[in-house]
Amino acid sequence: MSMYPPVQRTMVGLLSRPRMSTYEQASGGDVPAAVDLYRWNLDISMALFEAIHYLEVAVRNRIDDALTQRAGAGVDWLDSPPTVPFNGGTRARIARAREFASRNGRVPTHGHVIAEITFGFWPYLFADNYNRTLWQPALKRAFPTAQRTALHAQLTAVSDLRNRIAHHEPLLGLDIPREYQGIISLAELVEPRLGWWIDTTSRVDAVRRADPRL
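Position 7 (the sequence shown) corresponds to 7 in our numbering; numbering is contiguous.
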């Protein structure tokens with residue numbers, strides 16, 4: 001146990017019974033064990049998020065480079081030029097990113113807007129409706145060893161995991177090795193050395209083995 005039991009019971013009250021119910025159930029009603037499990041869930045979430053961080057930045061930069069080249073010199077692909085045509089939903093997502101990038105009166109650069117685009121945006125660019133307009137002329141060369149449909153599914157899976165972590169959801173029922181391997185496999189499609197770097201520096205396996213349920 002990491003804390004004195006009365007403190008752990010206080011933590012359950014502060015974190016709320018509904019939130020802690022999943023952890024109490026997984027711990028057989030043992031309150032101190034539930035708080036320890038909650039802490040472990042935070043640890044594994046952060047370890048996975050570290051791996052996703054590298055992947056997210058690399059993916060968006062790879063896509064940005066490909067679409068910048070496709071748009072042509074002096075043209076911002078975020079403006080949806082004829083060479084990079086977006087549907088209304090995609091343009092709306094970009095518009096929201098511009099709004100965030102313009103906070104406090106800042107005049108946003110291209111890079112500012114890119115940084116405000118959520119990870120959930122990128123899988124949409126690999127959907128069926130963008131096969132002929134984005135994948136074939138631009139993104140296929142950015143991910144030469146990938147299949148578009150598989151890449152779309154992999155990006156979506158990692159985006160879903162990222163959202164679960166960002167919303168502080170329990171990961172107790174997930175197959176952590178499988179989720180982690182999905183991150184590594186996707187990283188290797190971006191650049192094999194990226195996959196190596198993430199795997200070499202990752203804390204995921206060490207944290208997973210510290211699961212108090214084991």
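The beta carbon of each residue, even a glycine, is placed where N, CA and C say it ideally should be.
As the structure is a computational prediction, the values presented were derived from the model and not from experiment.
| Using CA coordinates, which residue listed in Arg-148, Asn-104, Arg-62, Glu-50 is at the minimum distance from Asn-218? | Residue 218 is absent from the structure shown; the chain starts at 1 and stops at 214.
| DSSP state of Glu-169, grouped into three classes? | When DSSP states are grouped into helix, strand and coil, Glu-169 belongs to the coil group.
| Straight-line gap, Ser-185 to Gly-105 (C-alpha atoms, nearest Å) | One C-alpha to the other measures close to 40 Å.
| said: To the nearest angstrom, how far is the alpha carbon of Val-12 from that of Ala-26? | reply: Taking C-alpha positions only, Val-12 is separated from Ala-26 by approximately 14 Å.
| Using the beta-carbon count (16 or more within 10 Å), is Met-20 buried or exposed? | Classification of Met-20: buried, given that the 10 Å Cβ count is 16 or more.
| message | Looking at the secondary structure, which residues open and close the alpha helix (DSSP H) in which Asp-205 lies? | response | From DSSP, the alpha helix (DSSP H) with Asp-205 extends over 204-209.
| If you check the beta carbons only, do Pro-82 and Val-75 fall under 7 Å apart? | No, these two residues do not count as a Cβ contact at 7 Å.
| How would you write the range of the alpha helix (DSSP H) that Pro-32 sits in, first residue to last? | According to the DSSP assignment, Pro-32 belongs to the alpha helix (DSSP H) that extends over 31-71.
| said: For Glu-191, which residues in the same chain have their Cβ closer than 6 Å to its Cβ, ignoring the five residues on either side in sequence? | reply: Take Glu-191, set aside five residues on each side of it, and no residue of its chain has a beta-carbon closer than 6 Å to its own.
| Below 7 Å between beta carbons: does that hold for Gln-123 and Leu-155? | Looking at the sequence provided, one finds Pro at residue 123 rather than Gln. Yes.
| task | Taking all protein chains shown into account, decide if Ala-210 is buried (16 or more other Cβ within 10 angstroms of its Cβ) or exposed. | result | Ala-210 is classed as exposed because its beta carbon has fewer than 16 other beta carbons within 10 Å across all chains shown.
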